[in-house]
Amino acid sequence: MFTAAGLVVPAEATAAPTPIGRLGETLRIEVKGIVADITVHSIDPSPVPPGFGHPPRPPRHQVWRAWVTVHTVQAPNPYAQSITYQFRGVTPTGDAYEPRITDAPDDLQRALQNAPAGSTVSGAVFWDCYRDLVSNVVLLDKATGYHLAQWNV
14 MFTAAGLVVP AEATAAPTPI GRLGETLRIE VKGIVADITV HSIDPSPVPP GFGHPPRPPR
74 HQVWRAWVTV HTVQAPNPYA QSITYQFRGV TPTGDAYEPR ITDAPDDLQR ALQNAPAGST
134 VSGAVFWDCY RDLVSNVVLL DKATGYHLAQ WNV
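Plus 13 on top of the position in the sequence shown (first one is 1) and you've got our numbering.
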């Protein structure tokens, strides 16, 4: 016999839905005290940027980049987004390309290091696309891996 006092009912999980859009659409991101409107404008092939490290890997030997604009609505400090965001390029077969830090003057990571509330920064995210091409850009929280947003090509 069970008594009502002996039953523990777990609380329902309530997670905000992850925004999903298409290239060119602006999505609102809210995480860790950061509120930002982010747009992924396009994805295109790129020459190898300075400071890319090793050359692009076979069999494709290609570098691709996503052009991104971030309008910071609220942030605890100017560099918070640079240590929080990671833009991955995901293929139709499920491969996920990690962004590569570069010395390119238009690297988004560099621009996000000084993006206080009210500012708008734009830049490129670079990937070594050695297999299939990117079909989705997924924004993750670097520390937790939490899926923050997604743009479909």
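By construction, the Cβ of each residue, glycine as well, lies at the ideal position given by its N, Cα and C atoms.
Residue interval of the beta strand (DSSP E) (run including S148): Locating residue 148 in the sequence shown gives position 135, counting from the first residue. No residue range can be given for S148, since it is assigned to no beta strand (DSSP E) and is classified by DSSP as neither H nor E.
Delimiting residues of the beta strand (DSSP E) encompassing S135: In the sequence shown, residue 135 corresponds to position 122, counting from 1. Counting along the chain, the beta strand (DSSP E) containing S135 begins and ends at 133-142.
A162 beta carbon less than 8 Å from that of A128: Position 115 of the sequence shown, counting from 1, holds the residue named residue 128. Position 149 of the sequence shown, counting from 1, holds the residue named residue 162. In this structure, A162 does not lie closer than 8 Å to A128 by Cβ.
So is Y159 buried or exposed if we call it buried at 16+ other beta carbons inside 10 Å? As a working note, residue 159 is residue 146 in the sequence shown. Exposed: under 16 other Cβ atoms inside 10 Å.
Can you name, in chain order, every residue of its own chain whose Cβ lies under 8 Å from the Cβ of Q126, other than the five neighbours on each side? The residue given as residue 126 occupies position 113 in the sequence shown. Around Q126: P91, Y92, S95.
In this structure, does DSSP put T97 in helix, strand or coil? Mapped onto the sequence shown, residue 97 falls at position 84. Helix at T97.
S55 burial status per 10 Å Cβ neighbour count (16 or more: buried): Here the question's residue 55 lines up with position 42 in the sequence shown. Exposed, because fewer than 16 other Cβ atoms sit within 10 Å of the Cβ of S55.
Enclosing alpha helix (DSSP H) for Q126 [first to last residue]: The sequence position of residue 126 within the sequence shown is 113, counting from 1. Where Q126 is concerned, there is no enclosing alpha helix (DSSP H), given that its DSSP letter is neither H nor E.
Is L36 helix, strand or coil when you go by DSSP? Here residue 36 corresponds to residue number 23 of the sequence shown, with the count starting at 1. Reduced to three states, the DSSP call for L36 is coil.
Smallest Cα separation from G37: which of V83, P62, P69? Looking up residue 37 in the sequence shown gives position 24. Of V83, P62, P69, the residue nearest in Cα terms is V83.
For I51 versus T39, is the C-beta distance shorter than 8 Å? Counted from its first residue, the sequence shown places residue 51 at position 38. Counted from its first residue, the sequence shown places residue 39 at position 26. For I51 and T39, yes; Cβs fall inside 8 Å.
In whole angstroms, what is the alpha-carbon distance linking E25 and W164? Residue 25 sits at position 12 when you count from the first residue of the sequence shown. Residue 164 sits at position 151 when you count from the first residue of the sequence shown. Here E25 scores only 47 on pLDDT, less than 50, and its place in the model is too uncertain to base an answer on.
Only counting the same chain, and skipping five residues up and downstream in sequence, which positions put a Cβ closer than 7 Å to that of Y71? Reading the sequence shown from its first residue, position 58 is the one you call residue 71. Note that residue 71 is Pro in the sequence shown, not Tyr. Within the same chain, Cβ atoms closer than 7 Å to the Cβ of P71 are found at Y143, the five residues on either side in sequence being excluded.
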